[in-house]
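Trainee:
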Amino acid sequence: MAGRYLLRACTTLRFTNQHVAARPLQRTMGTVNGIPTDDEQATGLERRALEALKKGKDPYSMMKPKQYAGTQAEPHIVPSIGNKRMVGCLCEEDNTSIVWFWLHEGTAQRCPSCGSHYKLIHHELPH
Ligand SMILES: [Zn+2]
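As structure tokens, this is what we get:
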């Protein structure tokens, strides 16, 4: 109620008396251009992630992993911070069991059951 009277008084003052400096009636988000975007207001870890995504990198594994054929020429890429990693292969789409095996750094290895190729790639943590 009081806000409505204040609003009416401000608009009346603004249009009748040109000597009085009226304050703007609407509250803005602090910029002339409107609501700031994620790029403008991101800080810290979020800003580093956005800058890395612009360069085409995905240091925090936020994007969907790329699909590989699993052949010798295009093996499944398995990122790891160590020199080996446990890999589970769901050999066929309808299988109810997973074949687990250790994947070591170096040349591509094959799944012992279906023969799909997997290659371990060293991955550095971003922090
Ligand atoms: Zn398999």
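Residues 95 to 221 in the working numbering are what the sequence shown lists, from first letter to last. Even glycine gets a Cβ: it sits at the ideal position worked out from N, Cα and C. Bear in mind that the values here come from a model prediction, so they are computed numbers and not experimental data.
Taking 7 angstroms as the cut-off, does the CB of Gly193 come closer than this to any heavy atom belonging to ligand 1?
Mentor: Residue identity differs from the one stated: residue 193 is Val in this sequence, not Gly. The answer is yes for Val193.
Trainee: What residue ranges within the segment 115 to 179 form continuous alpha helix (DSSP H) runs of no fewer than 4 residues, ordered along the chain?
Mentor: Look at the segment 115 to 179 and you find these whole runs of alpha helix (DSSP H), each 4 residues long or longer: 132 to 135 and 138 to 148.
Trainee: Tell me whether Cys208 is buried or exposed, calling it buried when 16 or more other Cβ atoms sit within 10 Å of its Cβ.
Mentor: Cys208 should be labelled exposed.
Trainee: Taking 8 angstroms as the threshold (C-beta atoms), are Ala202 and Pro173 in contact?
Mentor: no
Trainee: Please name the residue, chosen from Gln166, Leu147 and Leu214, that lies closest to Lys158 on a Cα-to-Cα basis.
Mentor: Leu147
Trainee: Nearest-angstrom Cα distance between His91 and Asn177?
Mentor: No answer is possible for residue 91: the residues shown for the chain start at 95 and end at 221.
Trainee: CB-CB under 7 angstroms to Ala136, same chain, minus the five flanking residues each way: which ones, in chain order?
Mentor: Excluding sequence neighbours, Ala136 sits near Leu144.
Trainee: Got a sec, what are the start and stop residues for the beta strand (DSSP E) Ile215 sits in?
Mentor: Its beta strand (DSSP E) spans residues His211 to His216.
Trainee: Rounded to whole angstroms, what's the CA-CA distance from Asp133 to His217? Just pull it up for me.
Mentor: 26 angstroms
Trainee: Output needed for Met180: all residues of its chain with C-beta closer than 7 angstroms, excluding positions within five of it in sequence on either side, in chain order.
Mentor: Annotation for Met180: Trp194 and Trp196 place their beta carbon closer than 7 angstroms to its own, counting only its chain and skipping 5 residues before and after.
Trainee: Can you list, in chain order, the residues of its chain whose CB lies under 7 angstroms from that of Gly164, leaving out five sequence neighbours each side?
Mentor: Answer for Gly164: His170, Ser210 and His211, listed in chain order.
Trainee: Suppose the cutoff is 7 angstroms on Cβ atoms and the five residues either side in sequence are ignored; what does the same chain contact list for Leu219 look like?
Mentor: Ile175
Trainee: Quick check on Leu214: buried or exposed, where buried means 16 or more other Cβ atoms within 10 Å of its Cβ?
Mentor: Leu214 comes out buried.
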